[in-house]
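Residue numbers for the sequence shown follow our numbering, beginning at 310 and rising by one.
C-beta atoms are modelled at their ideal positions from N, C-alpha and C, and glycine is treated no differently.
These numbers were taken from a predicted model, which means no experiment stands behind them.
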Amino acid sequence: EGTRSGDGNIGSFKKGGFVLAIESGVQILPIIIRGTFSVMSRNRLVIKPGKVTLEILKPVETSCFTKETKDELMKKIRNIMRESVDNGKKGIL
């Protein structure tokens with residue numbers, strides 16, 4: 310996303326990282342960080358005790374995408390992450 314969530318949900322992605330991955334020919338490794346919103350919301354400086362977990366998803370190949378099709382790649386990554394969040398994983402990101 311490039312920033313912290315304002316409401317605990319997955320926000321919109323920045324395009325630069327996707328273009329860089331496509332042009333470099335590297336895979337994208339989607340990572341979901343859960344629990345940070347309840348530990349420290351976006352506009353607070355106080356950190357509350359809580360559990361934060363990191364979920365590393367399968368790498369996504371970028372070789373079949375171009376700068377012109379970066380939006381398709383962004384949609385694919387978003388769907389992968391959304392599916393992981395929705396699949397029985399309770400709680401806010």
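| Check | Outcome |
| --- | --- |
| Three-state secondary structure assigned by DSSP to LYS367 | coil |
| First and last residue of the uninterrupted alpha helix (DSSP H) at ILE386 | 379-395 |
| Cβ neighbour criterion (16 or more within 10 Å) applied to LEU382 | buried |
| Sub-8 Å separation of ILE341 and MET390 beta-carbons | yes |
| Segment contact flag, the stretch 328-340 with the stretch 360-380, C-beta cutoff 8 Å, min 3 pairs | yes |
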